[in-house]
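Residue numbers (my numbering): 529 to 659.
Encoded as structure tokens, the structure appears first; notes follow it.
Structure, rendered in structure tokens:
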């Protein structure tokens with residue numbers, strides 16, 4: 529089980545499809561069943577975490593308009609939401625290149641301090657529904 533950030537960038541519609549349809553897509557084959565995924569969006573300048581889920585199984589379902597670009601898709605379970613919090617705090621663990629290290633291509637977050645920070649921030653900001 530790995531921890532990853534799925535950066536939806538400014539594609540808010542795709543994020544809502546992921547949540548509503550219980551599915552996520554990756555442009556590269558990087559993820560595995562039971563990985564924990566933190567959903568991030570960038571509505572303006574900051575990259576914000578707003579939800580998390582667990583990958584539950586591979587699927588061919590691609591409900592997005594640009595679905596063909598996703599080479600690996602999973603159904604998701606245990607979807608949880610939070611008040612948005614800024615992921616820039618991960619620079620404490622990943623340095624000035626934190627975005628490339630953690631957000632680009634949904635790479636596995638290997639630093640346990642960074643994973644703990646994400647989990648703690650999510651728990652402190654948890655809510656019942658999507659903002």
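Ideal Cβ placement from N, Cα and C applies to all residues, glycine included.
Just so it is clear, the structure is predicted and the values come from calculations on it, not from any experiment.
Practice task
Grab me the residues of residue 561's own chain with a C-beta within less than 7 Å of its C-beta, minus the 5 sequence neighbours each way, in chain order.
Solution key: Taking the chain shown and counting its residues from 1, the one referred to as residue 561 is at position 33. When the five nearest sequence neighbours on each side are left out, the beta carbons in the same chain lying within less than 7 Å of the beta carbon of residue 561 are those of 583, 584 and 585, in order along the chain.
Practice task
Report the rounded CA-to-CA distance for residue 547 versus residue 587, giving the unit in angstroms.
Solution key: Along the chain shown, one-based indexing puts residue 547 at 19. Along the chain shown, one-based indexing puts residue 587 at 59. The alpha-carbon atoms of residue 547 and residue 587 are separated by roughly 15 Å.
Exercise for the section: Taking the CB atoms as reference points, tell me whether residue 599 and residue 532 lie closer together than 8 Å. Expected result: For this step, residue 599 is matched to residue 71 along the chain shown. For this step, residue 532 is matched to residue 4 along the chain shown. No, Cβ-Cβ distance for residue 599 and residue 532 is not below 8 Å.
Exercise for the section: Check the DSSP bridge columns for residue 627 and list the partner residues they point to. Expected result: Looking up residue 627 in the chain shown gives position 99. Paired residue(s): none; residue 627 is not in a bridge.
Exercise for the section: Tell me, to the nearest whole angstrom, how far the beta carbon of residue 551 is from that of residue 603; I am working on the premise that it is less than 8 Å. Expected result: Here residue 551 refers to the residue found at position 23 of the chain shown. Here residue 603 refers to the residue found at position 75 of the chain shown. Between residue 603 and residue 551 the Cβ distance is about 6 Å, and since that is below 8 Å, they are a contact.
Handout entry: Cβ separation of residue 644 and residue 635, assumed to be a contact under 8 Å, to the nearest whole Å
Key = As a first step, residue 644 must be located in the chain shown, where it is residue number 116. As a first step, residue 635 must be located in the chain shown, where it is residue number 107. 17 Å between Cβ atoms; not a contact.
Practice task
For residue 553, count neighbouring Cβ atoms within 10 angstroms of its own Cβ and tell me buried if that reaches 16, exposed if not.
Solution key: To locate residue 553, count along the chain shown from 1; it is residue 25. With 16 or more other Cβ atoms within 10 Å, it is buried.
Problem - Own chain, CB closer than 7 Å to residue 606, minus 5 neighbours either side, in chain order - result: Taking the first residue of the chain shown as 1, we reach residue 606 at position 78. Excluding positions up to five away in sequence, the list reads 581 and 582.
Practice task
Report buried or exposed for residue 659, applying the criterion of at least 16 other Cβ atoms within 10 angstroms of its Cβ.
Solution key: As a working mapping, residue 659 is identified with position 131 in the chain shown. Exposed: under 16 other Cβ atoms inside 10 Å.
Exercise for the section: Drop a sphere of 10 angstroms on the beta-carbon of residue 654, count the other beta-carbons inside from all chains shown, and report buried for 16 or more, exposed for fewer. Expected result: On the chain shown, position 126 is the one that residue 654 refers to. Classification for residue 654: exposed.
Handout entry: residue 573 - DSSP class collapsed to helix/strand/coil
Key = Counting from one through the chain shown, the residue named residue 573 turns up at place 45. The three-state secondary structure of residue 573, taken from DSSP, is coil.
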